[in-house]
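Counting in this note's numbering, the final residue of the sequence shown is number 254, and the numbers go up one at a time with none missing.
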Amino acid sequence: GVNWVDGEVIKINHTNGIITDLNLKDDSIIDSDFVFDCSGFARLIIDGVHNESWVSYNDYLMMNKAFTFFLPQTNQYGINDKTYTQMYSMNAGWMFQIPLQHRWGCGYVFNTDYLSVEDGKREIEEHLGHEIEIRKVFDFNPGTHKNSWVGNSISIGLSYGFIEPLEATSLMSTIMQLKKLIDFNFNETNKDLYNKWCYQINEQNLCFIRYHYLCER
């Protein structure tokens with residue numbers, strides 16, 4: 038009974054914070070009763086429509102930039118092989134290496150007050166013993182929106198909040214958001230309780246990640 042529409046939204050129509058319909062690039066219109074904002078960092082609804090307040094975690098988490106690169110994969114993994122992400126503490130943050138069948142997906146997450154991209158690249162190359170090619174550089178601001186459920190829409194995943202790259206509790210909290218919405222049966226009388234519950238989950242995630250940085254360095 039699901040009607041799948043593959044299209045690009047070019048306009049979000051709303052009245053007093055209630056989204057009424059969506060205009061698509063092909064000139065079609067999608068009527069809306071309830072909308073999930075899954076637009077990632079673009080946050081097209083939670084910011085673009087509702088301008089919901091943002092709570093920054095910058096006072097507690099120090100990382101704010103990352104770059105990614107690839108390494109060649111020399112192992113052909115089998116179904117019974119134990120594969121896992123490797124993490125390394127670096128001068129101004131941490132490096133990750135994720136094994137795939139055809140390559141390693143890698144990156145350096147750091148703080149720009151202590152390291153530039155160029156110096157970070159040199160540090161990685163000294164660590165690995167060879168040159169790397171940076172694929173992507175991105176800035177991020179750790180934090181969360183105060184509310185997820187606003188009007189007839191819910192922001193979920195990256196549109197709701199972000200803590201760090203490769204921060205797996207983001208997947209967990211997304212699933213928990215969906216399950217709690219089902220528990221509340223989409224009942225708007227539970228909106229405030231739902232928002233408080235989601236906000237507390239992100240605060241717990243913040244504390245969990247912060248513990249990784251509590252050291253003498």
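Don't be surprised by glycine CBs; every beta carbon is placed ideally from N, CA and C. Computed from a predicted model, the values in this text were never measured in an experiment.
Distance check for residue j and residue i, CA to CA, integer angstroms please.
i, j, result
"I161", "I169", "8 Å"
"H87", "N148", "30 Å"
"A205", "W234", "19 Å"
"I116", "M124", "23 Å"
"C244", "D63", "45 Å"
"E163", "G157", "10 Å"
"M209", "G194", "10 Å"
"L165", "D220", "49 Å"
"N178", "D96", "11 Å"
"H249", "L203", "14 Å"
"E240", "E225", "23 Å"
"G198", "L230", "18 Å"
"Q113", "I171", "24 Å"
"S196", "Q134", "26 Å"
"F223", "I212", "15 Å"
By DSSP, does residue i sit in helix, in strand, or in coil?
i, result
"R80", "coil"
"G38", "coil"
"K235", "First, the residue type needs correcting, since residue 235 is Cys and not Lys in the sequence shown. Helix."
"K119", "coil"
"N227", "helix"
"R254", "coil"
"L243", "helix"
"S90", "coil"
"L203", "coil"
"Y248", "helix"
"D68", "strand"
"Y125", "strand"
"S190", "strand"
Which residue marks the beginning of the alpha helix (DSSP H) containing residue i, and which one marks its end?
i, result
"K158", "154-165"
"K217", "206-220"
Answer with buried or exposed for residue i, where buried requires no fewer than 16 other C-beta atoms within 10 angstroms of its C-beta.
i, result
"A103", "buried"
"I67", "exposed"
"S192", "buried"
"A129", "buried"
"R254", "exposed"
"L59", "buried"
"L98", "buried"
"G44", "exposed"
"V80", "The question names Val, but residue 80 is Arg in the sequence shown. Buried is the call here."
"S93", "exposed"
"I47", "exposed"
"S126", "exposed"
"W41", "exposed"
"G38", "exposed"
Which two residues bound the contiguous beta strand (DSSP E) that contains residue i?
i, result
"K48", "46-52"
"C75", "Premise fails: C75 is in no beta strand (DSSP E) and is neither H nor E."
"Q134", "130-136"
"L59", "55-61"
"H182", "180-182"
"I171", "171-176"
"L195", "From DSSP, L195 is part of no beta strand (DSSP E); its letter is neither H nor E."
"L108", "102-109"
"G144", "140-147"
Original post:
Looking at C-beta atoms only, is the number of pairs between the region 148-166 and the region 216-225 that lie closer than 8 Å three or more?
Top reply: Short answer: they don't touch.
Original post:
Does the region 180-200 come close enough to the region 53-68 to have 3 or more Cβ pairs within less than 8 Å?
Top reply: Verdict: yes, contact present.
Original post:
Any chance the region 66-76 sits against the region 105-112, with 3 or more Cβ pairs inside 8 Å?
Top reply: Under the Cβ criterion (8 Å, minimum of three pairs), the region 66-76 does not count as touching the region 105-112.
**OP:** Count the CB pairs spanning the region 137-144 and the region 41-52 that are closer than 8 Å, and state whether there are at least three.
**Re:** Counting Cβ pairs under 8 Å, fewer than three are found: no touch.
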